[in-house]
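The block underneath contains the structure these notes are about, expressed in structure tokens.
Number of protein chains: 4
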Amino acid sequence: MNRRAFQWTHRVTYAECTLGNHVYYARYLDILEAARGEFFRSLGQPFLRWQNEEVLLPVIEARIRYRKAARYDDVLTIELVVTELGRVRVAFGGRMLDESGESIIEATTVHACTGLDEKPRRLPDALREALQPFVTAPEESK
Amino acid sequence: MNRRAFQWTHRVTYAECTLGNHVYYARYLDILEAARGEFFRSLGQPFLRWQNEEVLLPVIEARIRYRKAARYDDVLTIELVVTELGRVRVAFGGRMLDESGESIIEATTVHACTGLDEKPRRLPDALREALQPFVTAPEESK
Amino acid sequence: MNRRAFQWTHRVTYAECTLGNHVYYARYLDILEAARGEFFRSLGQPFLRWQNEEVLLPVIEARIRYRKAARYDDVLTIELVVTELGRVRVAFGGRMLDESGESIIEATTVHACTGLDEKPRRLPDALREALQPFVTAPEESK
Amino acid sequence: MNRRAFQWTHRVTYAECTLGNHVYYARYLDILEAARGEFFRSLGQPFLRWQNEEVLLPVIEARIRYRKAARYDDVLTIELVVTELGRVRVAFGGRMLDESGESIIEATTVHACTGLDEKPRRLPDALREALQPFVTAPEESK
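Protein chains in written order, with my numbering: chain A, 24 to 165; chain B, 24 to 165; chain C, 24 to 165; chain D, 24 to 165.
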């Protein structure tokens, strides 16, 4: 009800497509990464600055459902919410919609907070607070 | 016990890596696709020939667990089994191991058999028969 | 003096970077393609509509000079001009600048106008006229 | 006459293709990088070991002529020769042939030897000696 989602748009390029005129299945993950980057920037501190503070968020799990093919030159709307916000783990639920509002993909990426040494560490409080307004129960993200 | 897995190896390139010297999370899906291509070739009929017979197998779902980062120049062993073999759906379980035998990723890709019109169609019998020896209960693929 | 350049900006993602924190040398061509797509859209008719009229512009030659590494999260400004506008051939000169105005790459892509059969055909007059204001002598594009 | 070329083969994947069933123009550079990696390995010391000795060879210039489209599942033969072997600079001439022996692309990549600080340094003598047998006058590489 109070759910907030971060929104971002992306125009599909030839580089992202494969035979049969649709986006190659792995490229959606590239687009999701770009959207997460803009999400974090919108929260006030881009990934790069967290990285400089030795906070990394590598993906430990990804799940994608492909609903409908996106085509060259389509404008996709990417919506991101937070589906899990633990001490070390954070998960983002995402979906991409085409211009008619139909779902292209639904995806979840689960991240672990680590240091530059790739060992787990607690999510910084400032990051947790910034993400809190976007937390959504998983069932709502469907 | 009678489980059969298709095996293939891949050498990690700079193109596949990102900052921090590890394979970018989406590139594992590119590598899995290349491995599936070789799996099908080993079964006697490459994807290209199925495509010429108007049989496509687009991915409708993908799930990946990232266990350990693969690095530039690592040689990865990809193992593929069949975890689901329905009338229209087929799923492949895959894992990648590094040279020390440690698991890099575990992944499942679920595919729907379609025609060139992107509408569902039955998996051809010849394909089903070729895949049958590789069918593994999902729990065994872990 | 009367030179016009199309300008577009792009934010560097992890997907585009490789070891050592710089954009992988091939990814600049992906970014140039996205910029050309926006250039054509700004001229009134996106590539997709030319394609629907059976006009393609495949790249027949590309030359890139790498001046300085672009890094993750950098905002690149891409400038495109037309350096050749023949009956069948068209070439685009491009350069990417970082936020301090320093040159990241300079590039030329040469394209041949073809039909869907991949055979050469004349550039449509409407396309030639739209590109004319951006024609720059090659030496000026340096 | 005494020309030696390094040869390597590559099978085209869906990930490398775009609309119209041909390899996307930037992906040939990914394939060339993989081939250079194998070339260096064949000389006795892979890039990774040079990198560990603080010797990098970033690309400072790339030129590609696209002759014919490579398609999904094509097997490409990549041939590499050395077209320049200076104190700091080294250039590789490459071409890709399809199974009928027709030229797909011809390419040159120019590299500068640098340290991890990205500053120029002399090519190590051992590397120069290993590359010497592959030196070809540029006109011969056509």
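C-beta: ideal position from N, C-alpha, C; glycine also.
- Arg112 of chain A is a Cβ neighbour of Cys136 of chain A, given a cutoff of 9 Å.
- Of all alpha-carbon atoms in B:Ala85, B:Asp97, B:Glu76, B:Pro69, the one lying nearest the alpha-carbon of His45 of chain B is that of B:Asp97.
- Counting the other CB atoms within 10 Å of its CB gives Thr32 of chain B a total below 16, which places it among the exposed residues.
- Under the three-state reduction of DSSP, Pro143 of chain B is assigned to strand.
- Using a Cβ-Cβ cut-off of 9 Å, Thr36 of chain B counts as an interface residue toward chain D, since at least one Cβ of chain D sits closer than that to its own.
- Close to Cys40 of chain B, with beta-carbon spacing below 7 Å, are these residues of chain C in chain order: Thr41, Leu42.
- Counting of Cβ neighbours within 10 angstroms places Arg50 of chain C among the buried residues, the total reaching 16 or more.
- Contact with chain D is found for Ala49 of chain A, since one of that chain's Cβ atoms lies less than 9 Å from the residue's Cβ.
- If you draw a straight line from the Cα of Val158 of chain A to the Cα of Val35 of chain A, it comes to about 28 Å.
- As DSSP reads the structure, Leu150 of chain C sits in no beta bridge.
- Residue-level contact check: Tyr89 of chain A does not touch chain D, since none of the beta carbons of chain D fall below 9 Å from its beta carbon.
- Under the 9 Å criterion on CB atoms, Ala85 of chain D is classed as interfacial with respect to chain C.
- Secondary structure in the region 67–111 of chain D: the beta strand (DSSP E) runs of 3 residues or longer, each lying completely within the stretch, are 82–89, 98–108 in chain order.
- Here Ser123 of chain D carries a coil assignment [DSSP, helix/strand/coil].
- In the assembly as shown, Glu39 of chain C is a buried residue. Its beta-carbon has 16 or more other beta-carbons within 10 Å.
- If the five residues before and after Thr132 of chain A are omitted, its C-beta is found closer than 6 Å to the C-beta atoms of Val82, Ala85, Phe115, all from its own chain and listed in chain order.
- Distance check between Asp140 of chain B and each of B:Val78, B:Tyr47, B:Ala153 places B:Val78 closest, using alpha-carbon atoms only.
- In the DSSP secondary-structure assignment, Glu129 of chain A is bridged to A:Arg88, A:Arg118.
- A direct Cα-Cα distance of roughly 49 Å separates Val105 of chain C from Arg151 of chain A.
- Taking 9 Å as the cut-off, the Cβ atoms of Phe29 of chain A and Glu56 of chain A do not count as close.
- For the pair Leu108 of chain A and Leu154 of chain A, the CB atoms are nearer than the 9 Å cut-off.
- At a cut-off of 9 Å between beta carbons, Leu71 of chain B contacts chain D.
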